[in-house]
Amino acid sequence: MSTDTATTPASVPAAAASKGMRKNGQSPRPSPRPHCSFPRLTPKQGKNWHDPSKKAFRPSAGLTSYAKRVEARKHHDAVKEREREMKEEREAERQAHIQRIKERRAAKEEKARYEKMAEKMHQKRVERLKRREKRNKLLNS
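Given below as structure tokens:
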């Protein structure tokens with residue numbers, strides 16, 4: 001029974017803690033680092049050691065001068081204005097195209113209607129109706 005007490009679960013974590021276990025249960029292995037002049041130390045709280053010649057990250061945002069910011073803003077506004085003009089121009093072309101299609105369809109329908117009337121009525125009467133409708137259309141518009 002004395003051998004059973006030596007392998008109890010309470011004694012296993014103590015052995016694992018002395019090895020310096022990581023989160024995943026593996027012990028940290030030093031890797032060969034020929035570019036570093038200092039010896040590899042065990043990482044503290046998971047932080048890896050880095051090359052001392054490498055500088056720390058220092059963000060440079062917000063360090064531009066006011067004049068440069070104003071100039072950049074003017075350039076950005078000019079670009080936006082140009083984009084807006086181009087978009088309006090494209091939309092105007094699109095609307096004109098749609099209007100041409102609608103007018104063409106209306107003319108086609110009107111022509112078909114007059115042809116259908118010409119089958120039933122005399123040609124001169126159809127011409128008179130056309131002229132009358134044209135006058136009414138001009139008066140109403």
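All residue numbers for the sequence shown refer to UniProt numbering, where the first residue is 1 and numbers rise by one. Ideal placement from N, C-alpha and C gives every residue a C-beta, glycine not left out.
Straight through space, the alpha carbons of Asn140 and His97 are spaced by roughly 25 angstroms. In the DSSP annotation of this structure, the continuous segment of the alpha helix (DSSP H) that includes His76 starts and ends at Tyr66 to Lys120.
A direct Cα-Cα distance of roughly 23 angstroms separates Ala67 from Arg82. Straight across, the Cα-Cα distance linking Lys137 with Lys87 is about 34 angstroms. Secondary structure at Lys54: coil, using DSSP grouped into helix, strand and coil.
Cβ-Cβ distances below 8 angstroms link Lys111 to nothing in the same chain once the five nearest sequence neighbours on each side are left out.
The same chain holds no residue with a CB closer than 6 angstroms to that of Lys74 once the five nearest residues on each side in sequence are set aside. Taking C-alpha positions only, Glu133 is separated from Tyr114 by approximately 11 angstroms. In this structure, DSSP gives Leu63 a state outside helix and strand, which the three-state scheme calls coil.
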